Amino acid sequence: MMAAPRQEHDVFQAIADPTRRKILRLLVEKELPISEITDQFPMSRTAIAKHLRVLSEAQLVSGKKIGREKHYRLRPESLAELQEWLSYFEQFWNNKLTMLKYRVEHQEDKNSIVVKPTDLGKAKTNKSREGSEF
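Okay, so the sequence shown: first residue is 303 according to our numbering, each after it adds one.
This is the structure we're talking about:
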């Protein structure tokens with residue numbers, strides 16, 4: 303019987319799961335054995351191993367056997383694809399916010415009416431304005 307083909311996972315699929323994102327955060331600090339990673343989650347070692355396999359196939363982590371246990375480390379260079387994608391949107395929103403700031407700071411509010419306190423109560427209604435200017 304043939305083995306199932308190895309499924310490649312892209313970075314976006316790999317980080318879609320909150321458990322895998324937490325694993326990545328754990329590995330930012332240092333290389334960890336699977337037992338220490340498993341201790342941080344309310345799930346089995348087998349379940350964590352499956353998550354690590356997805357991260358490994360996406361080349362976000364790498365593992366090496368040390369003694370009887372496998373140790374995993376983050377591969378930050380693999381996050382470049384994600385960073386490139388996110389930077390596009392960061393630039394997009396920064397441009398939008400800069401334009402909005404400029405418009406707000408330079409807007410002449412043509413619809414506002416300045417009313418002096420002495421003129422309160424003297425505002426003309428539409429009916430009283432017919433034939434005259436406000």
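Don't be surprised by glycine CBs; every beta carbon is placed ideally from N, CA and C. Just so we're clear, the structure is a prediction, and the values are computed from it rather than from any experiment.
In this structure, the CA atom of Ser380 is about 11 Å from the CA atom of Glu359. Taking C-alpha positions only, Pro419 is separated from Lys403 by approximately 31 Å. Within the same chain, Cβ atoms closer than 8 Å to the Cβ of Val363 are found at Ile325, Leu326, Leu329, Leu354, Leu357, Tyr374, Arg375, Leu376 and Arg377, the five residues on either side in sequence being excluded. Per DSSP, the continuous beta strand (DSSP E) segment holding Ser364 begins and ends at Val363 to Ile368. For Leu376, no alpha helix (DSSP H) encloses it; the enclosing beta strand (DSSP E) starts and ends at Glu371 to Leu376. Between Ala351 and Ile336, the CB-CB gap stays under 8 Å.
Assignment of Pro320 by DSSP, reduced to helix, strand and coil, places it in the helix class.
Just so you know, the alpha carbons of Glu371 and Arg322 end up roughly 20 Å apart. According to the DSSP assignment, Leu402 belongs to the alpha helix (DSSP H) that extends over Ala382 to His408.
With contacts defined as CB atoms closer than 8 Å, Leu388 and Val313 fail to qualify as a contacting pair. Within the model, the alpha-carbon separation for Phe394 versus Glu386 is close to 13 Å.
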